[in-house]
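So that you can map any letter, position 4 of the sequence shown is 1 in my numbering, and since no number is skipped, the others follow by simple counting. In what follows, a single structure is set out as structure tokens and then discussed.
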Amino acid sequence: VSPRAMLSRAPRAMRGLALGARMMSKPSVAVLGSGPTAAAAKAAVGEWATVTDSANSAPYVLVVDGAPGSVKADAVVAVPTCADAAKLAAAVPTAKVVAVTAAPAVAAAAELASKAGVATSEVANVISWGSGFADISHATVGGKWALTITDSPLPSPAVTPEAEVEAAVSTIKALALGTDGAWVSMGVPAVGDFGTGTGVYYSVPVVCTPGDYKRVGGITLSPPVAAAMEASRASLAGA
-2 VSPRAMLSRA
8 PRAMRGLALG
18 ARMMSKPSVA
28 VLGSGPTAAA
38 AKAAVGEWAT
48 VTDSANSAPY
58 VLVVDGAPGS
68 VKADAVVAVP
78 TCADAAKLAA
88 AVPTAKVVAV
98 TAAPAVAAAA
108 ELASKAGVAT
118 SEVANVISWG
128 SGFADISHAT
138 VGGKWALTIT
148 DSPLPSPAVT
158 PEAEVEAAVS
168 TIKALALGTD
178 GAWVSMGVPA
188 VGDFGTGTGV
198 YYSVPVVCTP
208 GDYKRVGGIT
218 LSPPVAAAME
228 ASRASLAGA
């Protein structure tokens, strides 16, 4: 399945006009990178946004590989890793910087959908924690708890190039268009919730409105998940 086919078209807001309806303008997104993953990401982002190569003028920037270079002071920027995010946030403190960490969650969701015989759109609330490991403790599949069809809350799915593309594109899409209450995972500055400490970027579930995100609170952690999160925190703190 191509990355383009895996990603849905953005919703379009219609306004009544005397001469008919007018579509809401698309957000401008700079997609940076030179490899095949970047090429696939540009094509997928182009389905719901205006794609540009100019990071210094775009309000939204997706870095698939390489360095972002110069970005707007108030840009919303998604970069490949938590370490990359911390570095860019220190250089441009007024920008809203996140890390793309959702690929394991994307892969785990696809694996759950395959086991259940449903579409991936029927899988919700798979989390990527820390530097990016999947947790299905709170996931649902076709409206049923994921742990009714698999035993481990911490799957280890193979992360494919398609999953990497979907993770990158879905992260910047969530930030540009919002998620309407749906959970997505991304690396954001740790503020001590879930025992993550502070001073690092750490992947947590969030909900988004255009240009912003809010952490999802009230999530219970089983001992295996908590232990894996602490190991990831220690690794990120020592990076």
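By construction, the Cβ of each residue, glycine as well, lies at the ideal position given by its N, Cα and C atoms.
Judged by beta-carbon spacing, Leu59 lies within the 8 angstroms limit of Val26, meaning their Cβ atoms are closer than that value. With fewer than 16 neighbouring CB atoms inside 10 Å of its own CB, Thr47 falls in the exposed class. Inter-residue distance for Val166 and Pro65 is about 16 angstroms (C-alpha atoms, whole angstroms). Around Ala113, the same chain offers Val138, Gly139 and Ile146 as residues with beta carbons nearer than 7 angstroms, after the five sequence neighbours per side are excluded. Assignment of alpha helix (DSSP H) within the stretch 48 to 118, counting only whole runs of 4 or more residues, yields 79 to 88 and 100 to 113 in chain order. For Ile169, the enclosing alpha helix (DSSP H) stretches over residues Pro158 to Leu174. Relative to the Cα of Pro56, the nearest Cα in the group Val103, Ser31, Ala92 and Gly194 belongs to Ala92.
With a cutoff of 8 angstroms on beta-carbon distance, Met183 and Val97 are scored as near each other. By the Cβ criterion, the stretch 186 to 194 is not in contact with the stretch 160 to 175, since fewer than three pairs of Cβ atoms, one from each stretch, lie closer than 8 angstroms. For Val222, no beta strand (DSSP E) encloses it; the enclosing alpha helix (DSSP H) starts and ends at Pro220 to Ala234. The three-state reading of DSSP puts Thr195 in strand, counting E and B together.
Cβ neighbours of Glu108 within its own chain (closer than 7 angstroms, five residues either side excluded): Pro152 and Pro154. Going by C-alpha positions, Ala223 is about 11 angstroms away from Gly127.
In the same chain as Gly129, and ignoring 5 residues on each side of it, the C-beta atoms closer than 7 angstroms to its own belong to Thr98, Ala100, Pro101 and Ser200, in chain order. Relative to the Cα of Gly32, the nearest Cα in the group Arg212, Asp62, Gly43 and Pro77 belongs to Asp62.
Taking 8 angstroms as the upper bound for CB-CB distance, Ala171 and Cys205 are in contact here, some 4 angstroms apart. For Thr147, the secondary structure class from DSSP, reduced to helix, strand or coil, is coil. Apart from the 5 residues on each side of it in sequence, Glu119 sits with its Cβ closer than 6 angstroms to the Cβ of Gly139 in its chain, given in chain order. With fewer than 16 other beta carbons inside 10 angstroms of its own, Ser22 counts as exposed. Judged by their CB atoms, Ala75 and Ile169 are nearer to each other than the 8 angstroms cut-off.
Per DSSP, Val188 is one residue of the beta strand (DSSP E) stretching across Val181 to Val188. Straight-line spacing of the CA atoms in Pro158 and Ala38 works out to 11 angstroms.
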